[in-house]
Amino acid sequence: MAISVESNNGFLRLRWSHQKERHTLYLGMKDTKTNRLKAQPLILTIEADIEEGTFDPSLNKYRNQTQSKTTNFSANDLFDKWLGEYKSQLVDERTVKWYKHTKIYLIAALEGRSASGLSSTDAIAFLSHLKKQDLAAQTIKRILQNLKACWDWGIKNGFIQQNIWENLAELIKADPPNRPRPFSDEEVKAIVAGFKKLYPDYEPIIKFLFLTGCRIGEARALQWGDISSDCSRIEIRASMNDRGKRKGTKTHKNRTLVSSEPVRNLLKQLKGRGTQFVFVSDGKAINHRKLAGRWQRVLAKAGIDYRKAYNTRHTFISHALEKGVPPLALASQTGHDTQTLFEYYAGSLPNTAKLPEVFDF
Numbered sequence: 019m020a021i022s023v024e025s026n027n028g029f030l031r032l033r034w035s036h037q038k039e040r041h042t043l044y045l046g047m048k049d050t051k052t053n054r055l056k057a058q059p060l061i062l063t064i065e066a067d068i069e070e071g072t073f074d075p076s077l078n079k080y081r082n083q084t085q086s087k088t089t090n091f092s093a094n095d096l097f098d099k100w101l102g103e104y105k106s107q108l109v110d111e112r113t114v115k116w117y118k119h120t121k122i123y124l125i126a127a128l129e130g131r132s133a134s135g136l137s138s139t140d141a142i143a144f145l146s147h148l149k150k151q152d153l154a155a156q157t158i159k160r161i162l163q164n165l166k167a168c169w170d171w172g173i174k175n176g177f178i179q180q181n182i183w184e185n186l187a188e189l190i191k192a193d194p195p196n197r198p199r200p201f202s203d204e205e206v207k208a209i210v211a212g213f214k215k216l217y218p219d220y221e222p223i224i225k226f227l228f229l230t231g232c233r234i235g236e237a238r239a240l241q242w243g244d245i246s247s248d249c250s251r252i253e254i255r256a257s258m259n260d261r262g263k264r265k266g267t268k269t270h271k272n273r274t275l276v277s278s279e280p281v282r283n284l285l286k287q288l289k290g291r292g293t294q295f296v297f298v299s300d301g302k303a304i305n306h307r308k309l310a311g312r313w314q315r316v317l318a319k320a321g322i323d324y325r326k327a328y329n330t331r332h333t334f335i336s337h338a339l340e341k342g343v344p345p346l347a348l349a350s351q352t353g354h355d356t357q358t359l360f361e362y363y364a365g366s367l368p369n370t371a372k373l374p375e376v377f378d379f
């Protein structure tokens, strides 16, 4: 039996086998020569306990000897630190709000508990608590995934030694996500016609959304400085939140769209009005709440089953896939995660593709 010292994402851990069971102990220390030397007394202790038959399979005895500088962090504090210092810098503001729901359940079940003192038994008990809250399986799964990501970050930064949430989300068999219900060609034309009649200032942005699949915030944030002089290229590099503040895109990545002829013609018609933003009403950027209200009224007037304005994005993607646009190219154009696109829009992919002629025998 040998205990190995390994580097895991730049932090030390010990790994060994005993009585056909694999053990891992996270030390919460960065991988340095000094810290590898510091780990040696603990290794000798574990080896001696195994030899003398006093080994603690729960590892709590050895964990207590590797308490990190942040042992006193509560589970809530660790989640706050992960969300505030790390995750909120990478995701959209609305996604951050969703993460905060995870903390509500964390506080309800583990208020004041030390993050480093929690065990896998506590994690299972937390899962049982979630199941009693009448939550959808997919919601429970996402909460557990959030906590695993948080604890992974805590280990990498030396705040805790083990991830009690490891593999727990995999126990949840969630139903597949609801497939988007895109608008038909006739419904799209009726919606555009409705805006042209009732709210002509909003017709251009509605057309643009259906023609590009852009997120609504991205379209609202679009400025003429983001458009090439001939309207052939569009730089998507910002989004606008519900309060009208312009910020980075949801994925924090810029992307370039090459305009189709209908998009180019639309932009050319709007150019030269002397406004900063491409899509305006009364000279100001389109207001999110007003757009949502007008959208609802236009659909009701046209007798179309209500779906949120975000469905313009689903509609563009679904129709593009049906017309044979390659999924990977479409994911790049819309700023979509490729896996999510396949998961949500599989029903729009052709299922009778002809085999390619790769060889000529």
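Residue 19 is where the sequence shown starts when you use this note's numbering, and the numbers rise one by one after that. Yeah, the Cβ is synthetic: ideal placement off N, Cα and C, and Gly gets one too.
- Under the Cβ criterion (8 Å, minimum of three pairs), the segment 297-317 does not count as touching the segment 171-186.
- Y80 is bridged by DSSP to nothing; it lacks a bridge partner.
- Restricting attention to L128, T269, Y220, the CA atom closest to the CA of Q314 is found in Y220.
- Counting along the chain, V276 sits inside the beta strand (DSSP E) bounded by residues 273-276.
- The alpha carbon of H36 has as its nearest neighbour, out of G71, N305, K121, F201, the alpha carbon of G71.
- Selection V316, A133, W242 evaluated against Q294 yields W242 as nearest (Cα-Cα).
- The beta strand (DSSP E) runs lying completely inside the segment 234-321 and spanning 3 residues or more are 251-254, 273-276, given in chain order.
- For M47, the CB contacts under 8 Å within the same chain, skipping 5 residues up- and downstream, are F29, L30, N53, K56, A57, T84, S86, G176 in chain order.
- Nearest to I234 by alpha-carbon distance, out of V296, D323, S146, E279, is V296.
- Residues of the same chain with a CB within less than 7 Å of the CB of A320, apart from the 5 flanking positions on each side, are A208, I209, G212 in chain order.
- Closest by C-alpha distance to I61, out of L45, W169, L96, is L45.
- Within the model, the alpha-carbon separation for D74 versus D140 is close to 18 Å.
- Within the same chain, P280, V281 come within 6 Å of L229 by CB-CB distance, once the 5 residues on both sides are set aside.
- Taking C-beta separations shorter than 8 Å and ignoring five residues to either side along the sequence, the partners of Q151 in its chain run Y123, following chain order.
- W183: not part of any alpha helix (DSSP H); DSSP gives it neither H nor E.
- Bridge partners of Y44 according to DSSP: R31.
- Per DSSP, reduced to three states, the secondary structure at S146 is helical.
- Judged by their CB atoms, A237 and G262 are not nearer to each other than the 8 Å cut-off.
- Beta bridge pairing from DSSP links E24 with R31.
- In this structure C249 is not in contact with L275, their Cβ atoms being roughly 11 Å apart against a cut-off of 8 Å.
- The shortest C-alpha to C-alpha distance from C232 to any of Y217, E204, K268 is the one to K268.
- Residue state for E103 is assigned as helix, using DSSP reduced to three classes.
- D355 is not a Cβ neighbour of H306, given a cutoff of 8 Å.
- Out of A133, D110, L339, the CA that lies nearest to the CA of F97 is found in A133.
- The residue from R112, W100, D95 with its alpha-carbon nearest to that of L128 is D95.
- In the same chain as R251, and ignoring 5 residues on each side of it, the C-beta atoms closer than 8 Å to its own belong to I245, T274, L275, V276, S277, in chain order.
- From the listed residues V316, H41, R291, H270, the smallest Cα separation to K215 is found for V316.
- When DSSP states are grouped into helix, strand and coil, E39 belongs to the strand group.
- Per DSSP, reduced to three states, the secondary structure at S92 is strand.
- Between the alpha carbons of E65 and R81 lies a gap of roughly 15 Å.
- Of the candidates P198, W171, E111, P198 places its Cα closest to the Cα of A327.
- C-alpha of L145 to C-alpha of L339: approximately 38 Å in a straight line.
- Annotated three-state conformation of S202 is coil, per DSSP.
- In the three-state DSSP reduction, S137 falls in the coil class, being neither helix nor strand.
- Per DSSP, S336 has no beta-bridge partner at all.
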